[in-house]
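Q: Encoded as structure tokens, here's the structure I'll be asking about.
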Amino acid sequence: MTITNTTTAGSGTVEHLDRGPLSMGELAAVIAGDIPAGVYVNLGIGQPTRIADHLSAEQGIVLHTENGMLGMGPAAQGDEIDPDLTNAGKVPVTELPGAAYFHHADSFAMMRGGHLDVCVLGAYQVAANGDLANWHTGRSDDIPAVGGAMDLAIGAKSVFIMMTLFAKDGSPKLVPGCTYPLTGVGCVSRVYTDHGVFEVGPDRRQNVSVIATYGISVSALRSRLDVRLAEA
Amino acid sequence: MSRTELLETADEAVAGIEDGATILVGGFGLAGMPFDLIDALIRQGAKDLMIVANNAGNGEVGLAALLKAGRVRKVLCSFPRQSDSWVFDELYRAGKVELEVVPQGNLAERMRAAGAGIGAFFCPTAVGTPLAEGKETRMIDGREYVLEYPIKGDYALIAAHRADRLGNLVYRMTARNFGPVMATAGTTTIVQVSEVVDTGTLDPEAVVTPSIYVDRVVQVDARHYTVQGAR
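Residue numbers (the numbering used here), protein chains in the order written: chain C, 1 to 232; chain A, 1 to 231.
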């Protein structure tokens, strides 16, 4: 099926009620369609890396991977697999013409220095003020692992989140305040979920706009989320 | 810095590493992991080591093998948990190894600072998070920063692709990762390479790690592994 791009803030919330929630693959396609042409993008690890499959050559987007590369290509297949060439999730990938390699200090200078336009990260929780929690559940039996998440969260000009809106136990992951340990303060711009797309207000004051919904109405979302939702 | 020694074996290359040493270990997952140097270090026997690396071992090789041999007191890294980090996970849950988690960019920049003679630096990463707790902060131009100190190694063990006989290094693809930074931050930097070439045959414009940072070089056959279950 075809997913139309979400509309931008100010032109009204789009409710997609004739369908169910987005699959993760469909969500990846929606995010890919919203990434502006010609920008430098980091897709983190895990689910957001699927966005790369939906980027078109015409978009002219250059992918950055934290382990020291710009111009990352698709996942390597068969004979293309080279253990010296992986993405941040350690998955073998390929290089595109114009690729560049650099060491780790340079790679993270690109983030902190404000050179990276967009990053897309997963999340345990996002707060209505843009706080992000995605590295540690805080449980005593959990082994914490932050990787590059904190550097990306405060470094990229726009931080997009790709996640399910509800945890497996049904609790919302878009929350009034994060209860999990924070990755970054007030750093999230947009939250892309299976049930809807949300924009955090520029003032980071608990002001969340609903850009689009999938398989659920805005009023139903209001009843399931403990966050104040404004229509776009 | 004295001139780089070219050694015949990995065992000679890791000779003299003391118990309790802080060792910077290159690699991101298994790309750029100095497998032969670590195997030699296991044979050499140094224990009670403090390891600084991006991960805490993958599978049963490289850093994971060193952990499994019981030689590591503490791991300072950014990302210990992985699909194939079972060796570390088990040791950590049994209380047999300490862990300090550092954001990956801070790990790199703190080693860069050590190698560049910087006393400390203010960094925006981790502000307002548990990883900045207890650290000095400062507002600079309206933004909050955390004071971060250098991480210096007694030794750096890294893998590069090619060295010349002077010790200039070039790397290969994303196996470069922490190598160039760790090379500057190790008091003694030990490098395994797949190939040693005559001095004068590396393009000086393409040298990534100049020989001044390199103390010992050993040529080994390249061994490659990929992380199992990576996604």
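A virtual CB, placed ideally from N, CA and C, is assigned to each residue, including glycine.
Using alpha carbons as the reference points, say which of CYS123/A, VAL87/A and LEU30/A lies closest to LEU67/A.
A: Closest option to LEU67/A, Cα to Cα, is VAL87/A.
Q: Suppose you measure from the CA of ALA114/A to the CA of LEU85/C; what does that come to, to the nearest Å?
A: C-alpha separation (whole angstroms): 28 Å.
Q: Report the three-state DSSP secondary structure of ASN134/C (helix, strand or coil).
A: Looking at ASN134/C - three-state DSSP - the assignment turns out to be coil, as it is neither helix nor strand.
Q: Check whether the Cβ of LYS90/C lies closer than 7 Å to any Cβ atom in chain A.
A: Yes, LYS90/C counts as interfacial toward chain A.
Q: Going by DSSP, what residue range makes up the alpha helix (DSSP H) through ASN106/A?
A: 104-116 is the extent of the alpha helix (DSSP H) around ASN106/A.
Q: Taking the Cβ atom as the reference point for each residue, do VAL93/C and LEU174/C lie within a distance shorter than 7 Å?
A: Cβ atoms of VAL93/C and LEU174/C: not closer than 7 Å.
Q: For MET69/C, which option in TYR171/A, THR184/A, GLY229/A and PRO204/A has the closest C-alpha, if you only look at C-alpha atoms?
A: Closest by alpha carbon: TYR171/A.
Q: Give the single residue among VAL218/C, ALA212/C, LEU229/C and SER217/C whose Cα lies nearest to the Cα of VAL14/C.
A: When each option's Cα is compared against that of VAL14/C, the closest is ALA212/C.
Q: If you compare alpha carbons, which of THR129/A, ASN54/A and LYS47/A is closest to PRO181/C?
A: For the residues THR129/A, ASN54/A and LYS47/A, the minimum Cα distance to PRO181/C belongs to THR129/A.
Q: Drop a sphere of 10 angstroms on the beta-carbon of VAL120/A, count the other beta-carbons inside from all chains shown, and report buried for 16 or more, exposed for fewer.
A: Rather than Val, the amino acid found at residue 120/A in this sequence is Ala. So ALA120/A ends up on the exposed side.
Q: Here's a check: name, in chain order, each residue in its chain whose Cβ is nearer than 8 Å to the Cβ of ALA185/A, leaving out the five neighbours to either side.
A: Once the five neighbours on either side are set aside, the close Cβ partners of ALA185/A are LEU24, MET111, ARG112, ALA114, GLY115, PRO150, ILE151, LYS152, GLY153 and ALA156.
Q: What residues from chain A crowd round ARG139/C, counting only those whose CB sits closer than 9 Å?
A: By Cβ distance, chain A contributes nothing, its closest Cβ being about 13 Å from ARG139/C, past 9 Å.
Q: Tell me the rounded alpha-carbon separation between GLY117/A and GLU109/A.
A: Their Cα atoms are separated by approximately 12 Å.
Q: What separation, rounded to the nearest whole angstrom, lies between the Cα atoms of GLN47/C and VAL191/C?
A: Straight-line Cα distance between these residues: approximately 14 Å.
Q: Tell me whether the beta-carbon of ALA64/A lies closer than 7 Å to the beta-carbon of ASN58/A.
A: In this structure, ASN58/A lies closer than 7 Å to ALA64/A by Cβ.
Q: If I measure Cβ to Cβ from VAL72/A and keep anything under 7 Å in the same chain, skipping five residues before and after, which residues do I get?
A: Cβ within range, chain order: LEU49, ILE51, LEU66 and VAL97.
Q: Pull up the DSSP beta-bridge partners for ASP164/A, would you.
A: For ASP164/A, which the question treats as bridged, DSSP gives the partners VAL197/A.
Q: Taking 6 Å as the limit between beta carbons, can you name the residues of its chain near LEU96/C, skipping five residues before and five after?
A: These residues qualify, in order along the chain: GLY71 and GLY73.
Q: Enumerate in chain order the residues of its own chain whose CB-to-CB distance from ALA222/A is below 6 Å, with the five nearest sequence positions on each side excluded.
A: Cβ within range, chain order: SER194.
Q: Indicate the three-state DSSP secondary structure (helix, strand or coil) for LYS74/A in the structure shown.
A: Three-state DSSP puts LYS74/A in a strand.
Q: Note down the Cα distance separating ALA123/C from LEU41/A, rounded to an integer number of angstroms.
A: If I take the Cα positions, the gap works out to 39 Å.
Q: So, is the C-beta of ALA145/C closer than 7 Å to a C-beta in chain A?
A: Yes - at least one Cβ of chain A is within 7 Å of the one on ALA145/C.
Q: Which runs of the alpha helix (DSSP H) spanning at least 4 residues fall entirely within the region 39-100 of chain A, listed in chain order?
A: List check, alpha helix (DSSP H) in window: 63-68 and 86-93.
Q: If we count Cβ pairs, one from each stretch, closer than 8 Å, do we get three or more for the region 102-111 of chain C versus the region 173-181 of chain A?
A: As far as the Cβ criterion goes, the region 102-111 of chain C touches the region 173-181 of chain A, which means the pair count is three or higher.
Q: Kindly list, in the order they appear in chain A, the residues whose Cβ is closer than 7 Å to that of GLU66/C.
A: What GLU66/C touches in chain A: GLN104.
Q: Taking a cut of 7 Å between CB atoms, which residues from the region 90-112 of chain C lie near chain A?
A: So the close ones are LYS90, VAL91, PRO92, TYR101, HIS103, HIS104, ALA105, PHE108, MET111 and ARG112.
Q: Rounded to the nearest angstrom, what separates GLY44/C and ILE154/C at their Cα positions?
A: One C-alpha to the other measures close to 14 Å.
Q: Is the CB-CB distance between VAL159/C and VAL188/C below 7 Å?
A: Yes, they are a contact pair.
Q: In the DSSP assignment, find the beta strand (DSSP E) that holds MET173/A and state where it starts and stops.
A: First-last for MET173/A: undefined, no H or E at that position.
Q: Identify the contact partners of ILE161/C in chain A, using a Cβ-Cβ distance below 9 Å as the criterion.
A: Going along chain A, no residue has its Cβ under 9 Å from ILE161/C, so there is no contact; the nearest lies around 16 Å.
Q: Pick helix, strand or coil for MET110/C, following the three-state DSSP scheme.
A: Here MET110/C sits in helix by DSSP.
Q: Which same chain residues, not among the five before or five after LYS74/A, have their C-beta less than 6 Å away from its C-beta?
A: MET50 and GLU98, listed in sequence order.
Q: Near GLY32/A, which residues of its chain fall below 8 Å by C-beta distance, leaving aside the five closest residues on each side in sequence?
A: Closer than 8 Å at the Cβ level, and outside the excluded window around GLY32/A, lie GLY26, ILE158, ALA159, TYR171, THR174, ALA175, ARG176, ASN177, PHE178 and GLY179.
Q: Strictly below 9 Å CB to CB, what residues from chain E border VAL30/C?
A: Of the protein chains in the structure, C and A, none is chain E.
Q: Taking 7 Å as the limit between beta carbons, can you name the residues of its chain near GLY89/C, skipping five residues before and five after?
A: Same-chain partners within the cutoff: ILE45, GLY46 and THR49.
Q: Going by beta carbon distance, what residues of the same chain come within less than 6 Å of VAL185/C, once the five residues before and after it are set aside?
A: Correct list, in chain order: ASP131.
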